[in-house]
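There are 6 protein chains.
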Amino acid sequence: MKKLIKGLRQFKAKYVSTHQELFEQLSQGQKPRVLFVTCSDSRVDPNLITQAELGELFVIRNAGNIIPPYGATNGGEGATIEYAVQALGIRQIIVCGHSHCGAMKGLLKLYSLRDEMPLVHDWLKYAEATRRLVKDHYSQYEGEELLEIMTAENVLTQIENLRTYPIVRSKLYQGQLNIYAWIYNIEKGEVFAFDPESHAYVLPQSQLKTDEIDETLLTEDL
Amino acid sequence: MKKLIKGLRQFKAKYVSTHQELFEQLSQGQKPRVLFVTCSDSRVDPNLITQAELGELFVIRNAGNIIPPYGATNGGEGATIEYAVQALGIRQIIVCGHSHCGAMKGLLKLYSLRDEMPLVHDWLKYAEATRRLVKDHYSQYEGEELLEIMTAENVLTQIENLRTYPIVRSKLYQGQLNIYAWIYNIEKGEVFAFDPESHAYVLPQSQLKTDEIDETLLTEDL
Amino acid sequence: MKKLIKGLRQFKAKYVSTHQELFEQLSQGQKPRVLFVTCSDSRVDPNLITQAELGELFVIRNAGNIIPPYGATNGGEGATIEYAVQALGIRQIIVCGHSHCGAMKGLLKLYSLRDEMPLVHDWLKYAEATRRLVKDHYSQYEGEELLEIMTAENVLTQIENLRTYPIVRSKLYQGQLNIYAWIYNIEKGEVFAFDPESHAYVLPQSQLKTDEIDETLLTEDL
Amino acid sequence: MKKLIKGLRQFKAKYVSTHQELFEQLSQGQKPRVLFVTCSDSRVDPNLITQAELGELFVIRNAGNIIPPYGATNGGEGATIEYAVQALGIRQIIVCGHSHCGAMKGLLKLYSLRDEMPLVHDWLKYAEATRRLVKDHYSQYEGEELLEIMTAENVLTQIENLRTYPIVRSKLYQGQLNIYAWIYNIEKGEVFAFDPESHAYVLPQSQLKTDEIDETLLTEDL
Amino acid sequence: MKKLIKGLRQFKAKYVSTHQELFEQLSQGQKPRVLFVTCSDSRVDPNLITQAELGELFVIRNAGNIIPPYGATNGGEGATIEYAVQALGIRQIIVCGHSHCGAMKGLLKLYSLRDEMPLVHDWLKYAEATRRLVKDHYSQYEGEELLEIMTAENVLTQIENLRTYPIVRSKLYQGQLNIYAWIYNIEKGEVFAFDPESHAYVLPQSQLKTDEIDETLLTEDL
Amino acid sequence: MKKLIKGLRQFKAKYVSTHQELFEQLSQGQKPRVLFVTCSDSRVDPNLITQAELGELFVIRNAGNIIPPYGATNGGEGATIEYAVQALGIRQIIVCGHSHCGAMKGLLKLYSLRDEMPLVHDWLKYAEATRRLVKDHYSQYEGEELLEIMTAENVLTQIENLRTYPIVRSKLYQGQLNIYAWIYNIEKGEVFAFDPESHAYVLPQSQLKTDEIDETLLTEDL
Ligand SMILES: [Zn+2]
Ligand SMILES: [Zn+2]
Ligand SMILES: [Zn+2]
Ligand SMILES: [Zn+2]
Ligand SMILES: [Zn+2]
Ligand SMILES: [Zn+2]
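Chains as they are written, first to last, in the numbering used here: chain A, 18 to 239; chain B, 18 to 239; chain C, 18 to 239; chain D, 18 to 239; chain E, 18 to 239; chain F, 18 to 239.
Following this line, the structure appears as structure tokens:
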């Protein structure tokens, strides 16, 4: 705690004092452009990895970046999505999984969780479609590779779930909402984005429309 | 999206490249010391305000930093708490509300949400104890002041809820877990912590045990 | 009842006696090729309208041909879907709405149902995405036309819900399952099928692959 | 699909064209006299076996012709019953099980379903009273015979469940609703009806009141 | 509290000391013959009104002596019934309502409870069949008389609910369980029992089988 | 039943006739001072052990004197608590466990209950915090001693749960509600009360404030 409390003072002393205008503006209200859904994992920091400023990302975090289908649970995910899209008018949702995810590892040994961590076990019910798909079609894989497949497919499962929310279905209907599937690689610090056309994870800049790509993006090395 | 994608590249180029050792270490596993439960609000960034590094904070975020009581919903909150305390051995939980919280504003006009944002309405059921307490005992307040009271009391309500989780009750029983109530003031960038003895929110450093306070904390200005 | 009991005897006397081979075969087990999900409405008879024989259609019927999302309710729909796809190996699912649907009319006056028919009200929660979409994008329509739009969109909503079932997601993943959206017009006795490419309801034969269309289908009048 | 699409055309060409008056009348609204609750099994076709016309039977179909008790699930069964009895004024409900029912076979090996088909497993909770009764009182039976007992008792269990619905209890109270238990034998194409007095399944015509029985029923052979 | 604590001492001093044999025997285990389900009302004391000794009545008490149907809630009622009938082998269940019941008064003004006492409101869902029946068939009554009808019908509603529990259905099936409907009149201190044959509440002794009635019961005045 | 019916007549003849004033007064309404939550066990009789008169104790009884956390179940406990505290203005709640409790024994062999008594199993979920705490910190105990610890801790678990109810949190907030933890020893007929300061169960009179203790309490023997 001591370290955190020092951090609070440091933040106040060094950051707040140098961003007076930003804080002034944030006190007027928030206008985030993106709802970022990711795992609770301590190695994933949405603001840091996207270099987003305070006020830019509305964030949901839980174990496994899971979104139960509409109606499945009176939980925080649905309410927060509704608030983000309806009250804040957010039009971009990123669902971001990550490598070495503990929740995904849990999916691989689901039965042992039943007695050991019953709440985690029950929560993973909403990733059952992921588990099932991987079990049915990737039985030849194991270890790290299997975990990677699980993680990548799970982001897509959660997007299927997301689509069942009334406000999401309504906004998608007229192209007022975009949903992106990302995977963050925690050891390399890089992100891959799902490309619906090639049905593969690719570099996110490849998904920008041509006129959005400027020189910086083309020339900068990865 | 373009801005975020640029951010990803910047992060990779400037941050990852200069923190190789950290990334190396994070790829071995996470050992966060703190579970940080806060609102999805884009103006709250747990890592920034505590100046915590990647790997230090395990984070739950939803609208209103709400934790349904044990058994009340098969949601992400309970599972993530169970995972944090049991699988990761975390021994410190911070529940952090914030000023100007949209969810708390929702509590003040709950009935109008029933039809307008039904999921938010239903989710706020788990803050009903807050609403009830404030309605019963603070009817003379209004506006900003009422909202502040609501926010402060809600953090304590959520901590009552948190205490009903089996793993939490068990760890609390032998002093293996500490729970802290924080309020983050979004316009000033500062945090107040609830002090159970005075039953008031105070500067967080005042809660450190005497031998944890070193010169830095005493001399530094706020 | 008397009429039905007479009917039973007639069936036995006239139908069973002339289809001995079929009954012999059905007593060995069922091998339906299609799961047909439709409304309870007495004017919709799946076997009659498709001229399917006994043993060909596995059928789910409820008010509004609704399929709650996976996990949303421990109801008959999910279990029956799981049984159909997993135990029976069915690879075609038709979700069939119909004109003049009482459940869809209920969606148009949802609030009045809350006290009057609370179970219908609560059940229509799983068609809320339909209601929302129509309210947001078709506010200029009314009467019959509005009801038609509601009905057509609802079939698509239910297919979104259907996609969240683990077994469905897994089978869809490798093209082992096809899902069709149909609308049955009860006064004309004809069916229209949703065409994902044109995003419109069309004559169902237009969806057959070229090599499946034989002369009969091309020449026969409608 | 091709076969079904041909069927649709055939239905239009041969049936609709010859029943113009019926279709005219159905477009005015439905006035079914009976709510028919039966299994999704492809070998059971309510309209065919009762020789009922379009517009006569309001139909619920799910795996096992199960009706969860009132309040047990926000599912299609309760809402459809409420709609049938309250909005349509239906005064006769038939719950119809059938021989060789896969859901009843599932009840006999319930534990193996837990992991294999979890939704079917959970759904069969509402037939647990059947399973329990049979286990307690018919342990000496096995195979086909046991399955028959299970099926017959399950229809009665579901009728107990049905009686807990508010609208059903109210209508039963003043004799405005009759409930019938039927078993359809899929290999012989015949139905037996439960007789509350003899507590046995009998030929359905034996349940008609004396003045309802006319010559036809008495003289016709079975 | 002081009065209760004095009571505890008095009980110890005067009752326990004079019933040593009973306490000796109770420490060996309980063998209650009856499960008594009644309201939490302070004016109803099951042991006092039946003059039953310690160890004779297994008791469920909640507001309104309500028993949710099987599966409707993971509540204390179902578990306690299961324990009573299965683990303790109890073969008699009395469901006992009472005059001037606050829960029944709540049923008469249900809508006002929605916001005022939401948990009571939601709980009364399991007495909705009572409310509906009374509303449909007794609209000409009011005041005390209406309340009496409500109370009497509610006991029967709860018995319908009780019949849906697996263990209850199984035991009823072979006559191993008897269920009694009682109404306790709190101002006169007397009980009436429902007689299924006359469909009326009568003096409970009239329900004993002839050979159970001895002189005492026949000659004693009421 | 015969014995109980005799008891009813005896109660009427001997008790009611000699307490006319009390019955007169009770017919005006109830004003209980205490909500007494205890087990359904036939050996526990709240009125007898506290020597309370009719009208003094509002009583909740279920297997294990369990109170699910707020929102966890639409059960009788929450509604009855809400009614007691809000409608009746009760300001004292006693949660009273007891020695030799069958529900607590069930907690010690929870897994065997899953198939055997599934409703009891599921109900004990709300005592999982007790089971967990005891398993984590008292693994060296067994038999009677373990059962005693379980029982004592469970009362405290249920009080944690109780604190999550909105009306309870609100009333506690301003000292308008007191909650007491009691254990009733069924073989000795005596009660111990939990003392939050010493964190131990003590004689209940030791908890009275000094000025509440009069001579009687000090001099009377136990
Ligand atoms: Zn993760
Ligand atoms: Zn907030
Ligand atoms: Zn319809
Ligand atoms: Zn079947
Ligand atoms: Zn009452
Ligand atoms: Zn007990």
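Heads up, the beta-carbon is just placed ideally off N, CA and C, and yes, glycines get one too.
None of these values were measured; they are calculated from a predicted model.
Would you check whether ligand 4 has a heavy atom nearer than 7 Å to the C-beta of residue i?
{"i": "His115(D)", "result": "yes"}
For residue i, which residues in chain D fall below 7 Å Cβ to Cβ?
{"i": "Val76(C)", "result": "Ser57, Arg78"}
{"i": "Lys142(E)", "result": "Gly88"}
{"i": "Glu177(E)", "result": "Arg180, Thr181, Arg186"}
{"i": "Glu145(E)", "result": "Pro183"}
{"i": "Thr174(E)", "result": "Arg186"}
Relative to the C-alpha of residue i, which residue among the options is closest?
{"i": "Thr90(B)", "options": "Cys56(B), Trp140(B), Ser116(B), Ile176(B)", "result": "Trp140(B)"}
{"i": "Arg149(F)", "options": "Glu133(B), Ile166(B), Glu99(B)", "result": "Glu99(B)"}
{"i": "Tyr155(A)", "options": "Gln191(C), Tyr143(C), Leu173(C)", "result": "Gln191(C)"}
{"i": "Ala210(F)", "options": "Val219(F), Val151(F), Lys122(F), Thr97(F)", "result": "Val219(F)"}
{"i": "Glu73(D)", "options": "Phe53(D), Ile196(D), Asn82(D), Gly92(D)", "result": "Phe53(D)"}
{"i": "Glu94(F)", "options": "Pro135(F), Pro63(F), Arg180(F)", "result": "Arg180(F)"}
{"i": "Pro213(F)", "options": "Gly206(F), Leu124(F), Glu161(F), Gln224(F)", "result": "Gln224(F)"}
{"i": "Val76(F)", "options": "Ala101(F), Gly24(F), Asn195(F), Ala120(F)", "result": "Ala101(F)"}
{"i": "Leu136(C)", "options": "Gly123(D), Ala104(D), Ala80(D)", "result": "Ala104(D)"}
{"i": "Asn178(C)", "options": "Pro85(A), Ile22(A), Cys56(A), Arg60(A)", "result": "Pro85(A)"}
Given 7 Å as the limit, tell me if residue i has its C-beta closer than that to any heavy atom belonging to ligand 5.
{"i": "Asp132(E)", "result": "no"}
{"i": "Asp58(E)", "result": "yes"}
Under 7 Å between beta-carbons, which chain E residues line up against residue i? List them in chain order, please.
{"i": "Gln191(D)", "result": "His154"}
Flag residue i as yes when its Cβ comes closer than 7 Å to any non-hydrogen atom of ligand 3, and as no otherwise.
{"i": "Cys118(C)", "result": "yes"}
{"i": "Gly81(C)", "result": "yes"}
Does residue i get closer than 8 Å to chain H when you measure Cβ to Cβ?
{"i": "Met134(B)", "result": "No chain H appears in this structure, whose protein chains are A, B, C, D, E and F."}
Which residues of chain A have a Cβ atom closer than 7 Å to the Cβ of residue i, listed in chain order?
{"i": "Tyr218(B)", "result": "The contacting residues do not exist; Tyr218(B) stays about 14 Å from chain A at best."}
Is any heavy atom of ligand 2 found at a distance shorter than 7 Å from the C-beta of residue i?
{"i": "Asp62(B)", "result": "no"}
Taking Cβ-Cβ distances shorter than 9 Å, what residues in chain E pair up with residue i?
{"i": "Thr90(F)", "result": "Thr90, Asn91, Gly92, Gly93"}
Just the chain F side, please: which residues come within less than 7 Å of residue i by C-beta, in chain order?
{"i": "Ile184(B)", "result": "Arg149"}
Interface residues of chain A around residue i at Cβ under 9 Å?
{"i": "Ala198(C)", "result": "Residues of chain A passing the Cβ test: none, with the nearest at roughly 14 Å."}
Residue i versus chain F: which residues are under 8 Å apart at the beta carbon?
{"i": "Asn64(E)", "result": "Asp62, Asn64, Leu65"}
Quick one: which chain C residues come within Cβ less than 8 Å of residue i?
{"i": "Asp139(D)", "result": "Asn91, Ala96"}
Chain C partners of residue i, CB-CB under 7 Å?
{"i": "Pro213(A)", "result": "Neighbours of Pro213(A) on chain C: none; closest Cβ ~14 Å, over 7 Å."}
Taking Cβ-Cβ distances shorter than 8 Å, what residues in chain D pair up with residue i?
{"i": "Leu25(C)", "result": "Ile66, Thr67, Gln68, Glu207, Val208, Pro221"}
In chain C, what lies closer than 9 Å to residue i by C-beta?
{"i": "Tyr32(D)", "result": "Leu65, Ile66, Gln68, Gly206"}
Against residue i, what residues of chain F qualify as contacts under a CB-to-CB distance less than 9 Å, listed in chain order?
{"i": "Leu125(E)", "result": "The contacting residues do not exist; Leu125(E) stays about 14 Å from chain F at best."}
**Prompt:** Using Cβ-Cβ distances below 7 Å, what residues of the region 158-169 of chain B are close to chain A?
**Reply:** The residues in question: there are none.
**Item:** Unbroken stretches of the alpha helix (DSSP H), 4 residues or longer, contained in the region 21-68 of chain A
**Value:** 37-43, 63-67
**Request:** For the region 39-54 of chain E, enumerate the residues whose C-beta is nearer than 7 Å to any C-beta of chain F, in chain order.
**Result:** Those residues of the region 39-54 of chain E that come within reach of chain F (Cβ to Cβ, closer than 7 Å) are Phe40, Leu43, Ser44, Gln47, Pro49, Val51.
**Message:** Which complete alpha helix (DSSP H) runs does the region 66-105 of chain A hold, if anything under 4 residues is left out?
**Reply:** Segments of the alpha helix (DSSP H) lying fully in the region 66-105 of chain A: 93-99.
**Message:** As an exercise, report each continuous alpha helix (DSSP H) stretch of at least 4 residues that is fully enclosed by the region 144-217 of chain B, in chain order.
**Reply:** 145-154, 160-179, 183-190
**Request:** Quick one: which residues of the region 100-114 of chain F get their C-beta closer than 9 Å to a C-beta of chain E? List them in chain order.
**Result:** If the cut-off is 9 Å between Cβ atoms, the region 100-114 of chain F has Tyr100, Ala101, Gln103, Ala104, Leu105, Gln109, Ile111 near chain E.
**Message:** Which runs of the beta strand (DSSP E) at least 3 residues long sit entirely within the region 107-144 of chain C? Give them in chain order.
**Reply:** 109-115
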